[in-house]
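Q:
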Amino acid sequence: MLDDFNKAFGKIALRLNLTETMFIRNGLVSYPTFTLNGTNISERSSYVYLGRDINMINDLAQEVSRRIRAALEAFKSIEDAVKKTKHTRLCAQPFDPTVLPALTYGSEAWSQRKQDERSLSVIERAVERTTLRVSRSTQIKDGIRSSDLRQRSKIKDAVLYARQSKARWVRHVMRVSDNRWTRNFSN
1 MLDDFNKAFG KIALRLNLTE TMFIRNGLVS YPTFTLNGTN ISERSSYVYL GRDINMINDL
61 AQEVSRRIRA ALEAFKSIED AVKKTKHTRL CAQPFDPTVL PALTYGSEAW SQRKQDERSL
121 SVIERAVERT TLRVSRSTQI KDGIRSSDLR QRSKIKDAVL YARQSKARWV RHVMRVSDNR
181 WTRNFSN
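For the sequence shown, full-length UniProt numbering begins at 1 and goes up steadily by one.
1) Confirm, please, whether the CB-CB distance from T98 to S165 is below 8 angstroms.
2) Which value, in whole angstroms, describes the spacing of the CA atoms of L72 and V173?
3) Cutting at 7 angstroms between CB atoms, please list the residues of its own chain near Y161, excluding the five before and the five after it.
4) Should T88 and R152 be called a contact, given that it needs their Cβ atoms to be closer than 8 angstroms?
5) Report the three-state DSSP secondary structure of R44 (helix, strand or coil).
6) Taking only three categories from DSSP, how would you classify R52?
7) Report, in whole angstroms, the separation of the C-beta atoms of I24 and R52, which I expect to be a contact under 8 angstroms.
8) Return the bridge partner residues of F23 from the DSSP annotation.
9) Quick one: what's got a C-beta closer than 7 angstroms to E108's C-beta in the same chain, skipping five residues either side?
10) Is V48 buried or exposed, if buried means 16 or more other CB atoms sit within 10 Å of its CB?
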């Protein structure tokens with residue numbers, strides 16, 4: 001099959017980059033390694049495609065951890081400005097356009113589990129505490145609830161935002177009237 005694909009590419013003057021080409025397979029397939037023109041094609045258990053971590057067992061944990069790292073990087077980019085600002089409302093304002101999209105990118109296609117939602121909530125609470133200059137020990141000692149921090153910071157809930165993104169995508173797909181694969185897949 002790979003050879004046929006390579007021949008079809010050759011007909012339109014394209015070549016496969018064999019050093020970058022990889023394949024992924026599930027546990028049910030026990031074929032030996034793929035070779036093309038004498039070059040072994042490497043096998044991966046997962047890969048990133050269009051910003052999303054793809055794997056055969058459809059485990060979202062790796063994707064959520066990638067999103068958390070991206071959100072922390074986004075927060076680091078605004079952290080100095082947040083720390084210099086005295087007004088808590090202004091501290092929280094850059095969160096929604098920078099950290100939240102990094103945290104929930106691609107969430108329209110997620111099949112969210114409770115543990116994934118919890119992971120999103122935990123990182124969001126950590127960012128809220130940093131934004132409001134409240135340490136975890138202070139929060140516990142003073143009996144400050146996370147909902148109180150959320151109310152003070154006015155930061156959007158990441159789990160709710162991800163759910164709304166998914167609902168918005170579903171409404172978009174349902175409005176499509178032609179016979180696209182997305183509509184057929186969601187029915």
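Cβ coordinates follow ideal geometry from the N, Cα and C atoms, glycine included.
A: Short version:
1) no
2) 31 angstroms
3) L100, T104
4) yes
5) coil
6) strand
7) No, I24 and R52 are not in contact; Cβ-Cβ is about 13 angstroms, not under 8 angstroms.
8) E43
9) S165, K166, W169
10) exposed
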